[in-house]
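To convert a position in the sequence shown, counted from 1, into this note's numbering, add 9.
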Amino acid sequence: MKRLAIPPTRPKVLHSHAAKLSTCNDISRWLMVTKALLQLLGAVLLVFAVQAATSKAWAAREDTIAVIYPDIGEPYRRIFEEIIQGIDDKVGNRVATYPVSSNTNIDALKAGLLSQNIKVVIALGRHGMNAAAQLNNGIRVVVGGVLAVPENEARVQPVISLTPDPALLFDRMKMLMPTAKRVFVVYDPALNDWLIKIAKEDASAKGMELVAYVAQDLRSAVRPYQEIFSTANGRSDVLWLPQDFTTVEESSVLPMVLQESWNKNIAVFSSNFTHVRRGVLFSLYPDNVALGKSLASLAQGILASGDYGRRGMTPLRDVQSAINLRTAKHLGIMPSSQQDFDSTFPEQ
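Here you go:
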């Protein structure tokens, strides 16, 4: 009788035990992978935490900007406060400020700047510039809030002047009087030689001719004006009054210029805001907050690069405008819109 071959069978108990072992192994591997992932995540978080802590510690010693400004009364104090407001706005926080005067203790000023890790100083006004020039401790300087600086001082640092860029003045004049072809100016080279060099190039670029007369004292300033008014053509000639204490003297020269220009219908524009109220056609004058932002931008550039980049005098491009509507009407000039000017006179 032939025996049937019966395949061996594993007891049910053994089947169940093997399944459990397989499941345990899967769980164990899953736990090991999860643990490894958690350890990796922990390491990443630790790196971020260290970086954050390091950044905060570094920020406490971050190279910073400070402002040195004249400790003077109104109305000039408000001008410097507005410039500082623009600096704060650009930097994103309140910068350290140091008011200075002629008797400021420079050693104490140096100590204060070094204690705050100041690397760049924005020096405002003549007092601020003079104080900054005495630091001599590796702190770089940006100058603003001054009309002009002697060439030997200006060449060692960037300086933004308070006198408006001639190119902007000429643009505004051409907008009001497109027929203007020739610009007369009387200037003292000790004050404005740097500006007239720029103005000649700007006028030429705009198809205008700058005719400049030199005068080094009040007496020699009168004769050029007399010559200008005897030959100027009101349809194509205009007169520019720069910020010049010698040639635009307020008590005698300015009244004469205003009277003659009115009589002969010659358009006069000025770099001095107060002249508009007195009768010149228009003026450009500083936008103090915007100037502060420009100074801060220069300072931030120096912090980032470690170098000045450019030095010397730069005319002001952060400007506002004012027009005398009575003078404009007298000259037959009708502005396209009074909204093109920030101030109008006589006041409406």
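C-beta: ideal position from N, C-alpha, C; glycine also.
- [ ] Flag this pair as yes or no: are the beta carbons of Leu-267 and Ile-169 separated by less than 8 angstroms?
- [x] no
TODO: Could you say if the region 313–323 and the region 103–123 meet the contact criterion of at least three C-beta pairs nearer than 8 angstroms?
DONE: no
Task: DSSP three-state assignment for Arg-228, whether helix, strand or coil - done: helix
TODO: Report yes or no: do three or more beta-carbon pairs, one from the region 268–287 and one from the region 74–91, lie closer than 8 angstroms?
DONE: no
Task: Assigned exposure category for Ser-279 - 16 Cβ within 10 Å defines buried - done: buried
- [ ] Please list, in chain order, all residues of the same chain as Val-328 whose beta carbon is under 7 angstroms from its beta carbon, the five residues on each side excluded.
- [x] Pro-173, Leu-177, Leu-293, Tyr-294, Pro-295 and Asp-296
Task: In chain order, each beta strand (DSSP E) run of at least 3 residues that lies wholly inside the region 215–290 - done: 218–223, 246–250 and 276–279
Task: Range covered by the beta strand (DSSP E) that runs through Val-298 - done: Under the DSSP assignment, Val-298 falls outside any beta strand (DSSP E), being part of the alpha helix (DSSP H) whose first and last residues are 297–314.
Open item on the list: Here's the rule: buried if 16 or more other CB atoms are within 10 angstroms of the residue's CB, otherwise exposed. What is Lys-302?
Closed with: buried
Task: Sufficient close CB pairs (3 or more, under 8 angstroms) joining the region 130–150 to the region 304–311 - done: Flag = yes, the region 130–150 and the region 304–311 touch.
Task: Distance, Val-152 Cα to His-136 Cα - done: 11 angstroms
Open item on the list: Check for me: the beta strand (DSSP E) holding Ile-109 runs from which residue to which?
Closed with: It should be pointed out that residue 109 corresponds to Val in this sequence rather than to Ile. Element bounds for Val-109: 105–109.
Open item on the list: I need the straight-line Cα distance from Leu-55 to Gly-101, nearest angstrom please.
Closed with: Legend: pLDDT at Leu-55 = 33, less than 50; position of this residue unreliable, no value from coordinates given.
Open item on the list: Measuring only the C-alpha atoms, how far is Met-265 from Ala-337?
Closed with: Answer to the nearest angstrom: the Cα atoms are 19 angstroms apart.
Open item on the list: Suppose the cutoff is 8 angstroms on Cβ atoms and the five residues either side in sequence are ignored; what does the same chain contact list for Leu-156 look like?
Closed with: Ser-170, Leu-171, Thr-172, Leu-200 and Gln-252
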